[in-house]
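Yeah, the sequence shown ends on 220 if you go by the working numbering, and it's all consecutive.
All C-beta atoms, glycine included, are put in the ideal place defined by N, C-alpha and C.
Small disclaimer: the values here were computed from a predicted structure and weren't measured.
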Amino acid sequence: MIDVQKYPIIICNYCHPELTENAILSIRKFYPNVRIIVVNDLSKAPYSNIKKLENIDIVNNNRHLGHGISIDMGIKLVNTDWFYTFDHDVKFIKHGILEYFWEHRRRMVKAIGLEGVNPNLSFPFVHLMMAMWNKKVIEELNLTFARYLSDGFEFNPGYLLCRQLEEYGYKIITIPMAFLRSMIIHLGNVKYIGDFYDYKHKSKN
16 MIDVQKYPII ICNYCHPELT ENAILSIRKF YPNVRIIVVN DLSKAPYSNI KKLENIDIVN
76 NNRHLGHGIS IDMGIKLVNT DWFYTFDHDV KFIKHGILEY FWEHRRRMVK AIGLEGVNPN
136 LSFPFVHLMM AMWNKKVIEE LNLTFARYLS DGFEFNPGYL LCRQLEEYGY KIITIPMAFL
196 RSMIIHLGNV KYIGDFYDYK HKSKN
């Protein structure tokens, strides 16, 4: 049986250290031994609560690099073949999500996680918000979560990396939010089309 806690979790924080701390505390409630790598993307983040916890690594960017590049920075500290990524505004409410990812792992599958939904993209992808990735293949193929189009528009980093994996013949597995929301919720105040984010949009009206 695989020890799901031996693989680290990477979380990128930008401007909301209180949400990052809450996410980490909720993770540790169900996975007390998992290593957590926090990439602080140029934010004032004292992390007074999580600094007291063991097995926490904090990387401080010296300038704002964005989500994708920040994940790349966190990967440099990963010393296992696999790692997880979670957004800083998620909350674990039940044990089982890491095991759920591993149960869906198959041969040639190198990314498993939340199904990304975007009406402007036809290609299915794994979203960084809740996912598991194969570091070994990412390094061997020199892939990155930080890719930009020529006009400067940045796609979701998970989308771009999944496209690259499939171009090399690997597979991804996407999981609809409906199968995950019993174990984890997303607290982000983000306006989005479709049943993707598990949140209540706060109207400014």
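- At the C-beta level, residue 99 and residue 56 stay beyond 7 Å of one another.
- Residue state for residue 132 is assigned as coil, using DSSP reduced to three classes.
- For residue 21, the closest C-alpha among the options 31, 199, 44, 51 is that of 51.
- Assigned with DSSP and collapsed to three states, residue 27 falls in strand.
- In this model, residue 43 and residue 72 are separated by some 14 Å (Cα to Cα).
- DSSP places residue 100 inside the beta strand (DSSP E), whose first and last residues are 97-101.
- Secondary structure in the region 43-86: the beta strand (DSSP E) runs of 3 residues or longer, each lying completely within the stretch, are 51-55, 71-75 in chain order.
- Remark: C-beta atoms of residue 87 and residue 35 do not approach each other more closely than 7 Å.
- If you draw a 10 Å sphere on the C-beta of residue 157, you find fewer than 16 other C-beta atoms in it, and that means exposed.
- Assigned with DSSP and collapsed to three states, residue 93 falls in coil, not helix or strand.
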